[in-house]
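Trainee:
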Amino acid sequence: MRSSDWISAGLLIVLCGSAVRGGTGPSIPPPLAERLRIQEARVPQIEARAAEERTRVEQWYTARRAEIVREISRREAVRLSPAEQQAWVQYVDLYLARPHAPACADLGFNVRPETVFLNQAMILEYLTSRMAEILIDRDFERKLTRIVEERLDRPPLALLRHQARSLLARLERVRLQVTTGLRALEHQRNARPDAIMEWENDLKEQVRGRGSDRERPNPGDRSGEGRVRPQRDYLDAAAGGAAAALLGLTRRTQSRMAGRAYVVARADAQRRFAPRVTRQSQSVAWEIASLHCKGAASCFAHGPPVALPGGHARPDARINLGGIPGADAPSAFLIFLLILTGVVALQLIIFKTKKWL
Numbered sequence: 008m009r010s011s012d013w014i015s016a017g018l019l020i021v022l023c024g025s026a027v028r029g030g031t032g033p034s035i036p037p038p039l040a041e042r043l044r045i046q047e048a049r050v051p052q053i054e055a056r057a058a059e060e061r062t063r064v065e066q067w068y069t070a071r072r073a074e075i076v077r078e079i080s081r082r083e084a085v086r087l088s089p090a091e092q093q094a095w096v097q098y099v100d101l102y103l104a105r106p107h108a109p110a111c112a113d114l115g116f117n118v119r120p121e122t123v124f125l126n127q128a129m130i131l132e133y134l135t136s137r138m139a140e141i142l143i144d145r146d147f148e149r150k151l152t153r154i155v156e157e158r159l160d161r162p163p164l165a166l167l168r169h170q171a172r173s174l175l176a177r178l179e180r181v182r183l184q185v186t187t188g189l190r191a192l193e194h195q196r197n198a199r200p201d202a203i204m205e206w207e208n209d210l211k212e213q214v215r216g217r218g219s220d221r222e223r224p225n226p227g228d229r230s231g232e233g234r235v236r237p238q239r240d241y242l243d244a245a246a247g248g249a250a251a252a253l254l255g256l257t258r259r260t261q262s263r264m265a266g267r268a269y270v271v272a273r274a275d276a277q278r279r280f281a282p283r284v285t286r287q288s289q290s291v292a293w294e295i296a297s298l299h300c301k302g303a304a305s306c307f308a309h310g311p312p313v314a315l316p317g318g319h320a321r322p323d324a325r326i327n328l329g330g331i332p333g334a335d336a337p338s339a340f341l342i343f344l345l346i347l348t349g350v351v352a353l354q355l356i357i358f359k360t361k362k363w364l
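For the sequence shown, our numbering assigns the number 8 to the initial residue and increments by one for each residue that follows.
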């Protein structure tokens with residue numbers, strides 16, 4: 008066998024190896040400017056979602072505030088007897104020049120016991136609702152205060168002052184409970200925008216790749232104002248490790264690593280956001296945590312990390328994992344060319360070997 012034949016066979020083997028290396032390796036990522044433009048386009052969407060969440064929090068706060076006041080006043084109104092409720096409701100309706108509710112249904116065809124009981128239940132429900140409104144009425148509270156402070160010598164008026172003093176104590180108890188409930192609601196309201204703002208800032212930092220620069224403390228600042236929250240670079244660390252390890256891995260292994268990174272991001276987001284709110288607002292906290300971890304997991308979808316002059320990897324050019332839509336994979340034509348090259352090289356080697364023998 009001549010030396011030129013061996014050289015041809017070697018060149019074919021080298022060509023086959025180059026095709027294998029090019030088919031299994033990652034494709035060339037798009038230019039950095041294009042990736043930056045795509046990531047910057049996500050910023051308005053993040054801001055719009057954050058504004059929508061803030062509006063939803065304000066609506067929830069307004070509705071919940073009215074519910075708390077109504078529940079507390081109604082719970083206190085039920086403790087009064089129906090006779091006391093009827094007397095005070097009629098007094099307030101007369102005082103405010105309103106037609107008061109009748110104490111009983113005086114109709115000729117109401118002869119069935121069920122109808123009488125139903126009418127009584129309806130009247131009791133009306134009295135309870137009206138009494139709950141009266142207990143949170145500022146005008147009625149001022150009227151009771153004036154009755155208690157006046158010098159009433161006649162026996163009926165003295166009895167009214169005694170009853171007004173008792174009811175005024177209930178009003179003060181209702182006001183205290185309402186204040187306590189609204190204070191707790193205010194804490195929940197303040198916690199939700201803080202969590203939304205942190206979620207928005209984290210996503211913007213991931214998109215723009217400026218989180219490490221902004222979170223690095225200033226050594227010359229001794230007042231404490233330059234100290235910011237600790238650097239959370241779990242995303243860049245995961246992307247850098249994946250960039251170094253995924254070049255020779257299969258699609259199944261890449262998908263498994265992507266799933267593990269998603270689990271780590273979700274656990275970290277839940278650990279950071281869930282303790283900030285109470286049990287009543289857990290649903291919103293889990294939603295925010297889910298949005299945060301989804302944004303973190305989506306950072307592994309567009310190419311290897313690009314090193315910038317700051318020492319940190321830019322998260323807008325992240326590694327492409329197999330099993331994720333948009334991941335690098337050898338095309339069918341490249342696989343066919345690889346197989347064809349290998350077959351031709353093998354046939355040529357066999358033919359030359361037989362001829363030499």
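Note that CB positions come from ideal geometry on N, CA and C, so glycine has one too.
Note that the structure is a prediction, hence the values are computed from the model and not measured.
Are the Cβ atoms of Gln184 and Ile79 separated by less than 8 Å?
Mentor: Yes; because the gap between Cβ atoms is below 8 Å, this pair is in contact.
Trainee: Please confirm if the stretch 189 to 208 is in contact with the stretch 49 to 57, defined as three or more CB-CB distances below 8 Å between the two stretches.
Mentor: Result yes; three or more Cβ-Cβ pairs closer than 8 Å.
Trainee: Which residue's Cα is closest to the Cα of Ile143: Glu83, Gln66, Glu132?
Mentor: Taking only the C-alpha atoms, the option nearest Ile143 is Glu83.
Trainee: Using the Cα positions of Leu347 and Ile356, report the straight-line distance between them to the nearest angstrom.
Mentor: Roughly 14 Å separates the two Cα atoms.
Trainee: Going straight from the alpha carbon of Gly188 to that of Gln46, what length do you get?
Mentor: Rounded to the nearest angstrom, the two C-alpha atoms are 43 Å apart.
Trainee: Name the residue from Glu148, Glu157, Gln92 whose alpha carbon lies nearest to the alpha carbon of Ile130.
Mentor: Closest option to Ile130, Cα to Cα, is Gln92.
Trainee: Find out if the Cβ-Cβ distance for the pair Arg137, Val181 is shorter than 8 Å.
Mentor: The answer is no: Cβ separation not under 8 Å.
Trainee: By the three-class DSSP mapping on this structure, what secondary structure does Val85 have?
Mentor: DSSP places Val85 in coil when its eight states are reduced to three.
Trainee: Roughly how far, in whole angstroms, is the beta-carbon of Leu151 from the beta-carbon of Leu166, given that I think they are within contact range, below 8 Å?
Mentor: No, Leu151 and Leu166 are not in contact; Cβ-Cβ is about 14 Å, not under 8 Å.
Trainee: Quick check on Ala191: buried or exposed, where buried means 16 or more other Cβ atoms within 10 Å of its Cβ?
Mentor: Result: exposed.
Trainee: From Gln170 to Ala139, what does the alpha carbon distance come to, in whole angstroms?
Mentor: Each residue's Cα considered, the two are about 17 Å apart.
Trainee: If we count the other Cβ atoms within 10 Å of its Cβ and call it buried at 16 or more, is Arg199 buried or exposed?
Mentor: By the neighbour-count rule (16 or more Cβ atoms within 10 Å), Arg199 is buried.
Trainee: For Arg168, which option in Leu178, Arg177, Val155 has the closest C-alpha, if you only look at C-alpha atoms?
Mentor: Checked all of Leu178, Arg177, Val155; the closest Cα to Arg168 is Val155.
Trainee: Just tell me which of Thr186, Val351, Val99, Ala202 has its CA closest to the CA of Ala73.
Mentor: Checking every option, the nearest Cα to that of Ala73 belongs to Thr186.
Trainee: Can you give me the C-alpha to C-alpha distance between Glu193 and Arg145, rounded to a whole angstrom?
Mentor: Between Glu193 and Arg145, the C-alpha separation is close to 22 Å.
Trainee: Looking at the structure shown, is Glu157 part of a helix, part of a strand, or coil, going by DSSP?
Mentor: The answer is coil: DSSP assigns Glu157 none of H, G, I, E or B.
Trainee: With burial defined as no fewer than 16 other Cβ atoms inside 10 Å of the residue's Cβ, what is the status of Leu345: buried or exposed?
Mentor: Leu345 should be labelled buried.
Trainee: Report the option in Gln127, Thr135, Ala128, Leu178 whose CA atom is closest to the CA atom of Arg149.
Mentor: Arg149 has its Cα closest to that of Leu178, out of Gln127, Thr135, Ala128, Leu178.
Trainee: Do the CB positions of Ile203 and Arg61 come within less than 8 Å of each other?
Mentor: Yes.
Trainee: Rounded to whole angstroms, how far is the Cβ of Val99 from the Cβ of Ile141, which I believe are closer than 8 Å?
Mentor: So it is a contact: roughly 5 Å between Cβ atoms.
Trainee: Any idea if Leu125 is buried or exposed, counting beta-carbon neighbours within 10 angstroms, 16 or more meaning buried?
Mentor: By the neighbour-count rule (16 or more Cβ atoms within 10 Å), Leu125 is not buried but exposed.
Trainee: Please classify Leu87 as buried or exposed, where buried requires at least 16 other C-beta atoms within 10 Å of its C-beta.
Mentor: Classification for Leu87: buried.
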